[in-house]
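A quick write-up on the structure given underneath.
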Amino acid sequence: SRVVRRRRGAKSARDMTTVSVTAVTKGAAPWRRHRCGGGGCASVSSSSSSSSPPPRCVVRARASEPWAVSCARVFRWDDVLDARATAATGEDDDATTTTSEENAAHTSPTLMRGTTGNFIVIDGANLAWGLAQKLKSRFTSKTRVPMSAAVLAALDYEPWRASGFTTHAFIPREYVVGYVNSVCDGGGLSTVNAELVEYLGKGMWVNRRLMDEVDAGRLTLVSRDGVDGRGLRKADDLTILTRAKEADAWICSNDKFRDHRRERGIGFSSGKALKEFARLRRFDHNFLIPLEDDVISATLEASGWTPKVGASFVENYDGPQRRVVPEREPDAPTPYHAMPQRVLPVYFEPLPTDSMKTARKT
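Residue numbers 20 to 381, in the numbering used here, belong to the letters of the sequence shown in order.
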């Protein structure tokens with residue numbers, strides 16, 4: 020739209036000029052203006068003068084949300100959300116208005132910090148090994164195999180989608196493309212799940228399920244390569260902390276990140292600041308296996324599912340062979356890690372930390 024504005028020093032209508040303004044829909048989130056810089060905004064037309072000042076763009080800014088409300092949305096705490104909705108309704112019914120200074124006086128700065136984004140960062144490696152440990156302890160298995168199903172369960176967690184959250188996972192590159200003992204659903208030549216993992220040649224394997232998520236833009240691979248040749252095993256953790264800080268995001272991980280408080284260059288002014296951010300923004304996770312062993316056995320028998328576990332099921336594998344039993348024998352270990360969801364239902368659940376539980380009570 021266009022409006023008429025008086026130029027500075029104008030004394031008559033002749034000195035008026037029209038300028039363009041950006042229309043903002045009533046009720047929409049507030050807008051803030053900033054100068055473009057370094058390719059972050061649309062390119063300027065060729066007719067613009069090179070001596071002109073940098074163009075200005077309009078960026079939508081999310082309204083701040085109380086930390087307790089955002090936390091309640093993560094865990095679907097209906098009692099907190101209902102209380103918030105009731106309070107908001109009561110405020111609307113009142114004829115009084117409150118200023119921003121009054122709102123700030125009644126809102127703790129700590130609870131308002133980092134609550135502008137509906138973004139959840141997922142620690143892919145932590146979840147993959149979390150489900151592996153769950154299967155090992157539940158079925159007393161001898162081996163642990165990192166599971167891609169854990170990462171997808173968090174990415175596709177329906178309550179988060181219903182609440183408007185966007186999920187994104189970070190995982191070390193070798194968990195998706197690497198040697199058989201490092202890729203998810205691999206673990207070794209005798210345990211590799213041939214239904215999910217493909218052989219590329221020269222000892223390299225790829226987890227096709229996770230690679231599809233990379234192509235879809237929901238999973239980011241983090242390189243652990245180091246200048247000294249030993250690699251940087253904490254690279255994915257540092258990336259997760261950096262991205263979460265930048266986006267004011269929540270972090271889904273059982274890792275408390277205590278060993279990274281001395282790190283610099285990841286967006287935190289001090290180790291104390293990192294500790295406080297992790298305390299407020301990181302939450303735990305768990306995996307539930309609701310069926311009893313006899314029910315799982317009956318489901319397995321009724322499903323007709325045949326496991327394809329081992330390098331012998333990979334047609335183009337040209338490396339050393341390992342003994343693999345195509346059909347399970349009485350003494351053969353049950354490949355629980357390769358069972359699909361329809362055979363072995365496993366459910367992901369986010370868990371609040373102790374500080375979050377305490378905040379809920381107050």
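C-beta atoms are modelled at their ideal positions from N, C-alpha and C, and glycine is treated no differently. Computed from a predicted model, the values in this text were never measured in an experiment.
Whether residue i touches residue j by CB criterion (8 Å)
i, j, result
"V195", "L240", "yes"
"D255", "A172", "no"
"V170", "L229", "yes"
"G329", "L154", "no"
"F367", "A213", "no"
"M375", "F302", "yes"
"F94", "P371", "yes"
"F138", "A292", "no"
"L251", "H279", "no"
"V140", "A263", "yes"
"T258", "F189", "yes"
Same chain only: Cβ atoms within 6 Å of residue i, ignoring 5 sequence neighbours per side
i, result
"R192", "L240, S242"
"L150", "M166, A169, F306"
"P354", "P326, V328"
"S119", "Model confidence at S119 stands at a pLDDT of 38, short of 50, so the residue's coordinates are unreliable and nothing is read from them."
Inter-residue spacing [alpha-carbon to alpha-carbon] between residue i and residue j
i, j, result
"D234", "Q360", "23 Å"
"A317", "G323", "10 Å"
"M223", "P326", "22 Å"
"D97", "E217", "44 Å"
"R379", "A87", "7 Å"
"T381", "I270", "23 Å"
"V164", "R103", "43 Å"
"P364", "H356", "12 Å"
"D244", "R277", "22 Å"
"T105", "P85", "15 Å"
"K18", "Q152", "As displayed, the chain neither begins before 20 nor continues past 381, which places residue 18 out of reach and without an answer."
"P352", "D101", "49 Å"
"Y336", "V225", "13 Å"
"D373", "P178", "21 Å"
"K221", "A181", "44 Å"
"K253", "A321", "44 Å"
"E334", "W148", "28 Å"
"E197", "M358", "Residue identity check: residue 197 is Gly in the sequence provided, not Glu. Rounded to the nearest angstrom, the two C-alpha atoms are 22 Å apart."
"S201", "C90", "34 Å"
Distance between beta carbons of residue j and residue i, contact taken as under 8 Å
i, j, result
"V362", "L319", "6 Å"
"G206", "T162", "6 Å"
"L215", "S289", "About 42 Å; that fails the 8 Å criterion."
"R227", "H187", "Between H187 and R227 the Cβ distance is about 20 Å, and since that is not below 8 Å, they are no contact."
"H304", "L146", "6 Å"
"I308", "R157", "6 Å"
"D274", "D142", "6 Å"
Own chain partners of residue i with C-beta closer than 7 Å, once the 5 adjacent residues on each side are dropped
i, result
"D313", "none"
"P369", "V93, F94, C271, F302, H304"
"V199", "G205, G207, L208, V211, W224"
"I315", "L363"
Chain-order list of residues whose beta-carbon lies under 8 Å from that of residue i (same chain, five-residue window excluded)
i, result
"Y176", "T186, F367, P369"
"T377", "none"
"L310", "T318, L363, P364"
"D247", "Here D247 scores only 47 on pLDDT, less than 50, and its place in the model should not be relied on; the value that follows carries that caveat. The answer is none, since no qualifying residue turns up."
Residue i Cβ short of 7 Å to the ligand PLP heavy atom set
i, result
"Y218", "Summarising the ligand content, the structure contains no ligands, and the ligand PLP is consequently not present."
Exercise for the section: With a floor of 3 residues, list each beta strand (DSSP E) that falls wholly inside the segment 238–326, ordered by position along the chain. Expected result: As far as the segment 238–326 is concerned, its whole beta strand (DSSP E) runs of at least 3 residues are 238–241, 269–271, 301–307.
Practice task
Report the residue ranges of all alpha helix (DSSP H) runs contained in full by the segment 157–228; include only those spanning at least 4 residues, in chain order.
Solution key: 167–174, 177–181
Problem - Contained beta strand (DSSP E) runs [length at least 3] in the segment 351–376, N- to C-terminal order - result: 366–370
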